[in-house]
Amino acid sequence: RTHTGQCNNKRNAYWGASNNPFVRWRAAQYENDFSTPMGWNSNRMYNGYRLPPVRQVSNDVMRTSNTQVTGDPLYSHMLVVWGQYIDHDIDFTPQSLSTSTFQGLTDCKTTCKNESPCFPMQVPSNDPRISTASCLPFFRSAAVCGTGETSTLFHKLQPREQINAVTSFVDASTVYGSTDSLNRRLRDMSNEDGLMKVNTMFKDGTWDYLPFDPNNPCVQDQFDASGVNIPCFHAGDGRVSEHLTLSAIHTIWVREHNRIARVLKAMNPHWSGEILYQEARKIVGAYHQIVHWKEYVPKIIGPEGVNMMGSYAGYDASVNPSVSNVFATAAFRFGHATIAPQFRRLDENFNDHPQFPSILLHDAFFSPWRMIRQGGMDPILRGLLTTFISYEQNRLASFQLQSHHHSAYWSVVALDLASLNLQRGRDHALPLYNDWREECGFRRANNFSDLAGEIKDKALRDKLERLYGHPGNVDLWLAGLSEDLMNGSRTGPVFTCLLARQFKFLRDGDRFYYENPGVFSSQQLASLNKLSFARVLCDNSGLTKVQSDLFMLRDVNQFVDCSNIPMLDLTPWREDPT
1 RTHTGQCNNK RNAYWGASNN PFVRWRAAQY ENDFSTPMGW NSNRMYNGYR LPPVRQVSND
61 VMRTSNTQVT GDPLYSHMLV VWGQYIDHDI DFTPQSLSTS TFQGLTDCKT TCKNESPCFP
121 MQVPSNDPRI STASCLPFFR SAAVCGTGET STLFHKLQPR EQINAVTSFV DASTVYGSTD
181 SLNRRLRDMS NEDGLMKVNT MFKDGTWDYL PFDPNNPCVQ DQFDASGVNI PCFHAGDGRV
241 SEHLTLSAIH TIWVREHNRI ARVLKAMNPH WSGEILYQEA RKIVGAYHQI VHWKEYVPKI
301 IGPEGVNMMG SYAGYDASVN PSVSNVFATA AFRFGHATIA PQFRRLDENF NDHPQFPSIL
361 LHDAFFSPWR MIRQGGMDPI LRGLLTTFIS YEQNRLASFQ LQSHHHSAYW SVVALDLASL
421 NLQRGRDHAL PLYNDWREEC GFRRANNFSD LAGEIKDKAL RDKLERLYGH PGNVDLWLAG
481 LSEDLMNGSR TGPVFTCLLA RQFKFLRDGD RFYYENPGVF SSQQLASLNK LSFARVLCDN
541 SGLTKVQSDL FMLRDVNQFV DCSNIPMLDL TPWREDPT
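Counted from 1, the sequence shown has number 1 at position 1 by the numbering used here; the numbering is strictly sequential.
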């Protein structure tokens, strides 16, 4: 498996490779048919109505105070963080490299005019929290060369397409990177042990932290007098320090790679550092696939979605595994509605930590110092296992997400994750809700009563009607979150359909999927199939008891001792040196 994902498919070498366009399952919908996003011209009519400003939609539908967030009785917050972590493994959309208008006269952070790449989000005059600004900044995603405006240079209009900068495959690119140059910076090449680099300044007790990226500054502890700067962490994905729980999952997997490499070296002392690295990487990649498809996916799309995905029948070279624009920009962002408003930090007895209490969501953004100087990683992991996920669908974004998203980097204007998601969907020319209903086998809705089968809450339907006027105008991300959850799932019918399709393509179109015959020996596969995420956590942290399924919310009294969770048997990897 290459780090870039190239040549996974021998006939179509760039399918699923990094720095390639997202695929589209429906044609792009731009106002001018090739580049200008819907909503660019505020007077443009759609089905007889203007599209509402995304901030207005966020205020009217999405806002929920932290005290109103309801806990899910089934799932732990580890489910949410895994979703974000695996999303970072399979997609990343770079923004325009320019932060000013292409004429160079206006800064996108200050303008309220639509001048590419600036597409600011207008703030209503009666906004409940923002009175000092008339818009929120927004930068358009970078376009694939030769699409959108630049397609005119090639004398053929091509709709603007966006870039997926990472590999589409579930291949642990979060650990190893999606380019060879990044991978070389992450590996420890000082010996023949096949290891990944770790932090040389700080330890988590006896455990390793991720290395720092000195070129990537993070938020600092304003009360620290030591003068020691703590940068962002360095990992296979640059979003590693986005928040503490995400950093913790990244760290677990680097520790696991190094643990496996050391066991393999002791078992096969004749192996070179390159063989040790590649074999450990292959196992860690298989781990990611096992946790994702066996433990995570069934909980998200439920039994009907799993049935849509179908059972694995081997590699299919005709399947394009590339991540779709609609998956990355709307469907897999369903998880933003499940984020709890605070992160709990717990002591060894799973009680609130007496020294390092729980912190609000916005205080965990880009703050590695809180892990390094405030008790290490274990308190964060214990909190993840015992915190519920957000539950109610008609309360779609907590106040923490609506008013403080990445607030450390925006001191004047509070960003709004819901508005950002809606605006990103328009930026990427995602077709609106009716088109995706049709794509998934549902009838197009002519009025909001037609949605009663998927959105039973009449008050919510009425609210959508007041905002959008016509069901065909509703932004997909909002409509998908508004749908009633399917039985045994975390998503409604349309998102279930889109997620099941993408997960099927990612699995069936990956030549190196762990169950594909020939990738592992039968003995190795039998060993891997005993693995659980719980075992990985036990092997790479100070936790001594966990729930057997980390994604299920359990009372601490129901946790099991790590000694009772099956370990990975690596003896099938022993090789006779002769």
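Glycine included, every Cβ here is placed at the ideal spot set by N, Cα and C.
Selection from the options that minimises the alpha carbon distance to residue i
{"i": "Met377", "options": "Val254, Thr245, Ala330 and Arg424", "result": "Thr245"}
{"i": "Thr111", "options": "Ala17, Phe139, Thr93 and Asn32", "result": "Phe139"}
{"i": "Phe442", "options": "Cys108, Phe495 and Pro37", "result": "Phe495"}
{"i": "Pro52", "options": "Ala526, Asn32, Asp475 and Gly302", "result": "Asp475"}
{"i": "Pro368", "options": "Gly39, Asp457 and Pro217", "result": "Pro217"}
{"i": "Ser18", "options": "Lys109, Ser35, Ser178 and Arg24", "result": "Ser178"}
{"i": "Lys294", "options": "Asn9, Phe551 and Ser563", "result": "Phe551"}
{"i": "Met196", "options": "Asp127, Asn258 and Arg424", "result": "Asn258"}
{"i": "Gln524", "options": "Arg24, Glu575 and Asn126", "result": "Glu575"}
{"i": "Val536", "options": "Ser563, Ser311, Ala452 and Gln95", "result": "Ser563"}
{"i": "Ser190", "options": "Ser131, Pro214 and Ser272", "result": "Ser272"}
{"i": "Thr571", "options": "Leu264, Trp15 and Gly236", "result": "Leu264"}
{"i": "Pro120", "options": "Ser419, Phe169 and Ser541", "result": "Ser419"}
{"i": "Val54", "options": "Gln547, Arg426, Val81 and Asp91", "result": "Arg426"}
{"i": "Ser482", "options": "Glu438, Val144 and Tyr433", "result": "Tyr433"}
{"i": "Gln29", "options": "Gly146, Val170 and Trp436", "result": "Trp436"}
{"i": "Ala27", "options": "Asn8, Ala261 and Glu161", "result": "Glu161"}
{"i": "Gln289", "options": "Arg129, Val170, Leu186 and His77", "result": "Val170"}
Cβ-based burial, residue i [other Cβ within 10 Å; buried from 16]
{"i": "Leu153", "result": "exposed"}
{"i": "Gly5", "result": "buried"}
{"i": "Asn59", "result": "buried"}
{"i": "Phe223", "result": "exposed"}
{"i": "Ala330", "result": "buried"}
{"i": "Pro577", "result": "exposed"}
{"i": "Pro493", "result": "buried"}
{"i": "Cys454", "result": "Going by the sequence as given, residue 454 is Glu instead of Cys. With 16 or more other Cβ atoms within 10 Å, it is buried."}
{"i": "Asn229", "result": "exposed"}
{"i": "Gly39", "result": "buried"}
{"i": "Arg333", "result": "buried"}
{"i": "Lys113", "result": "exposed"}
{"i": "Glu274", "result": "exposed"}
{"i": "Ala452", "result": "exposed"}
{"i": "Lys504", "result": "buried"}
{"i": "Ala235", "result": "buried"}
{"i": "Ser322", "result": "buried"}
Where residue i sits in the DSSP three-state scheme
{"i": "Asp508", "result": "helix"}
{"i": "Arg50", "result": "strand"}
{"i": "Pro73", "result": "strand"}
{"i": "Ile86", "result": "helix"}
{"i": "Ile389", "result": "strand"}
{"i": "Asp352", "result": "strand"}
{"i": "Trp253", "result": "helix"}
{"i": "Asp450", "result": "helix"}
{"i": "Asp180", "result": "helix"}
{"i": "Gln502", "result": "helix"}
{"i": "Met196", "result": "strand"}
{"i": "Met38", "result": "coil"}
{"i": "Pro566", "result": "coil"}
{"i": "Gln523", "result": "helix"}
Residues that residue i bridges to, as DSSP identifies them
{"i": "Pro21", "result": "Ile163"}
{"i": "Leu157", "result": "Paired residue(s): none; Leu157 is not in a bridge."}
{"i": "Cys118", "result": "Glu115 and Phe139"}
{"i": "Ile359", "result": "Phe343"}
{"i": "Phe233", "result": "Phe212"}
{"i": "Ser324", "result": "Val23"}
{"i": "His243", "result": "Phe365"}
{"i": "Asp60", "result": "According to DSSP, Asp60 bridges with nothing at all."}
{"i": "Lys545", "result": "Asp561"}
{"i": "Met377", "result": "In the DSSP output, where bridge partners are listed per residue, Met377 has none listed."}
{"i": "Met78", "result": "None; Met78 has no bridge partner."}
{"i": "Arg185", "result": "Paired residues: none, contrary to the question."}
{"i": "Asp204", "result": "Trp207"}
{"i": "Met552", "result": "Tyr75"}
{"i": "Met45", "result": "Arg50"}
Any non-hydrogen atom of the ligand ZN closer than 7 Å to residue i Cβ
{"i": "Ser42", "result": "Looking for the ligand ZN in the displayed structure turns up nothing, as the structure carries no ligands at all."}
Okay, do the stretch 529–537 and the stretch 554–568 touch, 3+ Cβ pairs below 8 Å being the bar? yes
I want to know whether the stretch 444–463 touches the stretch 509–521 - three or more CB-CB distances under 8 Å. no
Check whether the stretch 356–366 touches the stretch 339–348, taking contact to mean three or more Cβ pairs, one atom from each stretch, closer than 8 Å. yes
Just checking, does the stretch 208–215 make contact with the stretch 248–257 on the three C-beta pairs under 8 Å criterion? Touching, yes, given that three or more Cβ pairs across the two stretches are closer than 8 Å.
Three Cβ pairs or more, each shorter than 8 Å: is that satisfied between the stretch 273–288 and the stretch 167–186? yes
Check whether the stretch 130–139 and the stretch 178–189 are in contact - that is, three or more C-beta pairs closer than 8 Å. no
Counting Cβ pairs, one atom from each stretch, are 3 or more of them under 8 Å apart for the stretch 17–36 and the stretch 147–161? In short, these stretches touch, since the Cβ pair count reaches three.
Check whether the stretch 465–472 and the stretch 311–326 are in contact - that is, three or more C-beta pairs closer than 8 Å. These segments do not touch.
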